[in-house]
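Taking full-length UniProt numbering as reference, the numbering of the sequence shown is continuous, increasing by one, and the terminal residue is 137. All C-beta atoms, glycine included, are put in the ideal place defined by N, C-alpha and C. Just so we're clear, the structure is a prediction, and the values are computed from it rather than from any experiment.
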Amino acid sequence: MELTNEIVLYRECAAKRDKELRRRLSDSEHKLGLSMPIEEVKERAAQLQSEVTSLERHMILASGIQGMEGFHQRWSLQGHLEDTERRLEALNQGIEKRKVNMIQGEPKRDPVRKKWVFGQISFALLLFRVSIYQSTF
Numbered sequence: 001m002e003l004t005n006e007i008v009l010y011r012e013c014a015a016k017r018d019k020e021l022r023r024r025l026s027d028s029e030h031k032l033g034l035s036m037p038i039e040e041v042k043e044r045a046a047q048l049q050s051e052v053t054s055l056e057r058h059m060i061l062a063s064g065i066q067g068m069e070g071f072h073q074r075w076s077l078q079g080h081l082e083d084t085e086r087r088l089e090a091l092n093q094g095i096e097k098r099k100v101n102m103i104q105g106e107p108k109r110d111p112v113r114k115k116w117v118f119g120q121i122s123f124a125l126l127l128f129r130v131s132i133y134q135s136t137f
């Protein structure tokens, strides 16, 4: 009975951690859309869109695999696809907010380079943590 409680507690903690990581990742993409130089943010959006397309193609291929292996692949790919789509959506929202701010008359100034570099480093660390977490399963 105690083992069951530990498993339930572990699952709850893992779900809470995953939710927080996804929220932070989405927030980071949104901030990148607001602060990253426009050429680089367009490249980032194209990269994420390419990743979405690749994952969709892999989902199609995985649909032909039968049994538990096929189920596991589809489950994993679906999670990656949803996460990547959310990241792309958050990035695009940041870009749109930037455009609205420029139209409303806010000064067209480049963000402070120091802030941009710090954001880029913290985002890379977050991606690293997520990739390590995903490789454990």
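Decide if G70 is buried, meaning its Cβ has at least 16 other Cβ atoms within 10 Å, or exposed.
exposed
Contact between the region 9 to 19 and the region 47 to 55 (3+ Cβ pairs under 8 Å)
no
What distance in whole Å lies between the Cβ atoms of V41 and L32, which are believed to be in contact at a cut-off of 8 Å?
7 Å
Quick one: is S28 buried, meaning 16 or more other Cβ sit within 10 Å of its Cβ, or exposed?
buried
Got a sec? Which residues, its chain only, sit under 8 Å from Q93 by beta carbon, not counting five neighbours each side?
H30, G33
Under the assumption that S26 contacts R87 (Cβ atoms under 8 Å), give the Cβ distance between them as a whole number of angstroms.
6 Å
Inter-residue CB distance, Q73 and I65 (contact presumed, cutoff 8 Å)
6 Å
Could you give the first and the last residue of the continuous alpha helix (DSSP H) run that contains Q73?
67 to 103
Among K99, V100, T4, R22, nearest to W79 - alpha-carbon criterion
In the sequence under discussion, the amino acid at residue 79 is Gly, which differs from the Trp named in the question. For G79, the nearest C-alpha among the options comes from R22.
Looking at the structure shown, is M36 part of a helix, part of a strand, or coil, going by DSSP?
coil
Taking just the CA atoms, how far does R24 sit from D83?
12 Å
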